[in-house]
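Protein sequences appear in the order of chains A and B.
Each residue of the first sequence is one higher than the one before, starting from 1 at the first, in UniProt numbering.
Each residue of the second sequence is one higher than the one before, starting from 1 at the first, in UniProt numbering.
No residue lacks a Cβ here, since even glycine has one placed at the ideal position from N, Cα and C.
Everything on this sheet refers to the single structure shown next.
Number of protein chains: 2
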Amino acid sequence: MDTTEETRRTALDYVDSLERRDWPRWSALLADDVVYEMPQTRERIHGRDGFAQFNVDYPGDWHLAVRRVVADGRYAALWLDVRVAEDRMDACVWLEIGADGTITKVTDYWPDPYEPPAGREHLVERY
Amino acid sequence: MDTTEETRRTALDYVDSLERRDWPRWSALLADDVVYEMPQTRERIHGRDGFAQFNVDYPGDWHLAVRRVVADGRYAALWLDVRVAEDRMDACVWLEIGADGTITKVTDYWPDPYEPPAGREHLVERY
Chain A
1 MDTTEETRRT ALDYVDSLER RDWPRWSALL ADDVVYEMPQ TRERIHGRDG FAQFNVDYPG
61 DWHLAVRRVV ADGRYAALWL DVRVAEDRMD ACVWLEIGAD GTITKVTDYW PDPYEPPAGR
121 EHLVERY
Chain B
1 MDTTEETRRT ALDYVDSLER RDWPRWSALL ADDVVYEMPQ TRERIHGRDG FAQFNVDYPG
61 DWHLAVRRVV ADGRYAALWL DVRVAEDRMD ACVWLEIGAD GTITKVTDYW PDPYEPPAGR
121 EHLVERY
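Encoded structure:
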């Protein structure tokens with residue numbers, strides 16, 4: 001299996017083990033010194049233990065499904081379909097994989113819905 | 001050049017030609033029936049002409065730089081650094097490439113900053 005295919009498998013395992021709350025399996029995918037960033041809130045967590053606690057504590061009955069995984073050497077991008085009770089949203093997740101195959105960096109974006117600006121109604125349809 | 005490398009080049013050309021407002025070069029990368037979607041506003045544009053007009057009309061002195069490109073067969077994900085005057089934001093762009101090498105679908109996310117929820121200050125640092 002080449003590096004891209006290992007990265008793809010790691011990215012899919014990351015989501016699947018989160019969805020299953022299989023914390024031992026999930027933690028084993030991460031480097032000890034993994035860095036987790038949420039650029040929208042400018043929050044950062046250093047280290048696997050804190051990142052695990054963040055996920056264990058995360059409120060709500062959240063569920064993750066992969067819409068798309070794009071793997072490329074030691075990088076992956078995950079497009080996720082996230083459901084929390086009746087709400088659904090999309091997430092964009094960027095992964096970096098270290099030389100030993102563990103995840104060294106995770107960057108999450110949680111784009112919120114918003115109303116489109118006026119002036120482009122003639123070009124777009126709403127769905 | 002294999003499919004992934006063609007996709008990578010197309011993704012980088014897409015951003016570079018947008019940044020340069022080189023509309024003929026940008027349009028040539030797109031399928032006639034390209035679909036452009038912005039899931040946050042649930043807006044969709046069908047076809048290259050409308051998508052071109054949307055970009056030509058887009059207000060502000062916007063500038064794009066690639067933070068990361070992840071290419072994988074006929075899919076690419078672009079992590080962009082966007083500047084409009086003094087403002088900066090990130091964008092996550094998902095591309096699909098057709099059998100003829102043109103871009104058939106573009107999905108853009110424009111994640112806005114927000115304040116983090118209370119209760120996780122003990123786990124995170126702000127940056």
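Proximity of residue i and residue j at Cβ, strictly below 8 angstroms
i, j, result
"residue 97(A)", "residue 124(B)", "no"
"residue 82(B)", "residue 76(B)", "no"
"residue 109(A)", "residue 39(A)", "yes"
"residue 126(A)", "residue 43(B)", "yes"
"residue 73(B)", "residue 7(B)", "yes"
"residue 64(A)", "residue 19(A)", "yes"
Option in the options with minimal Cα separation from residue i
i, options, result
"residue 62(B)", "47(B), 49(B) and 84(B)", "84(B)"
"residue 34(B)", "110(B), 2(B), 119(B) and 95(B)", "95(B)"
"residue 104(B)", "1(B), 5(B) and 14(B)", "14(B)"
"residue 89(A)", "78(A), 113(A) and 121(A)", "113(A)"
"residue 21(A)", "102(A), 53(A) and 127(A)", "53(A)"
"residue 31(A)", "48(A), 16(A) and 56(A)", "48(A)"
"residue 36(A)", "25(A), 29(A), 51(A) and 28(A)", "51(A)"
"residue 1(A)", "26(A), 107(A), 119(A) and 101(A)", "101(A)"
"residue 118(A)", "91(B), 16(B) and 41(B)", "41(B)"
"residue 55(B)", "23(B), 92(B), 16(B) and 121(B)", "23(B)"
"residue 66(B)", "93(B), 99(B), 27(B) and 120(B)", "93(B)"
Strand pairing of residue i, partner residues [DSSP]
i, result
"residue 126(A)", "43(B)"
"residue 34(B)", "Paired residues: none, contrary to the question."
"residue 109(B)", "92(B)"
Review point. What residues from the segment 76-105 of chain A come within 8 angstroms of chain B, judged by C-beta to C-beta, listed N to C?
Key: 76, 77, 79, 90, 92 and 94
Exercise for review: Counting only runs of 3+ residues fully inside the segment 46-107 of chain B, write out the beta strand (DSSP E) ranges in chain order.
Suggested key: 62-72, 75-84 and 87-97
**Study point:** Selection of the segment 35-50 of chain B by Cβ proximity to chain A, strictly under 9 angstroms
**Key:** 36, 37, 38, 39, 40, 41, 42, 43, 44, 45, 46 and 50
**Study point:** Residues of the segment 60-74 of chain A whose Cβ lies closer than 7 angstroms to any Cβ of chain B, in chain order
**Key:** 68, 70, 71 and 72
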